[in-house]
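Residue numbers (this note's numbering): 10 to 171. The block underneath contains the structure these notes are about, expressed in structure tokens.
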């Protein structure tokens, strides 16, 4: 199984890259992981609602182009309205994907959300939190949660949950 994180945006602050890299390095023996950065749409200073929809559409097309739909790659989208999932639930979902022999593309959308087209093609819509998290921080939180979930699946002592 391989997990690709399709994320809108690049040139993250150094603290984001440092946090992401730490968990990326830790997870590799347990789960092959790759990050695919997708350029954010160029934004106006005071965008209208129509502009925001256009940004989501442009970024959505790039996300779908990066998704390997012809293979057995499931599309899991992080969305504020998605299903709340616990770390243990994520571990179970990853274990199920491994049993099925599927790869996973996990989508972190742009600052203005994810296009309806991407949401319509999603195999799963997940939420990391009811809180609104800064877009760059989601990279770190997601990678840590993937590492924690794989620690559970591999009986590694990192996770100290129930």
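We put the beta carbon where it would ideally sit given N, CA and C, even for glycine.
Local conformation of residue i per DSSP, three classes
i	result
residue 106	helix
residue 94	coil
residue 54	coil
residue 80	coil
residue 42	strand
residue 133	strand
Buried versus exposed call for residue i [16 or more other C-beta atoms within 10 Å across all chains shown]
i	result
residue 129	exposed
residue 160	buried
Boundaries (first-last residue) of the alpha helix (DSSP H) holding residue i
i	result
residue 73	58 to 75
residue 147	144 to 162
residue 130	125 to 130
Proximity of residue i and residue j at Cβ, strictly below 7 Å
i	j	result
residue 50	residue 67	yes
residue 44	residue 72	no
residue 36	residue 17	no
residue 92	residue 135	yes
residue 152	residue 32	yes
residue 99	residue 139	no
residue 25	residue 145	yes
Are the stretch 110 to 120 and the stretch 72 to 83 touching by the rule of at least three beta carbon pairs closer than 8 Å? Contact between the stretch 110 to 120 and the stretch 72 to 83 is established, with three or more Cβ pairs separated by less than 8 Å.
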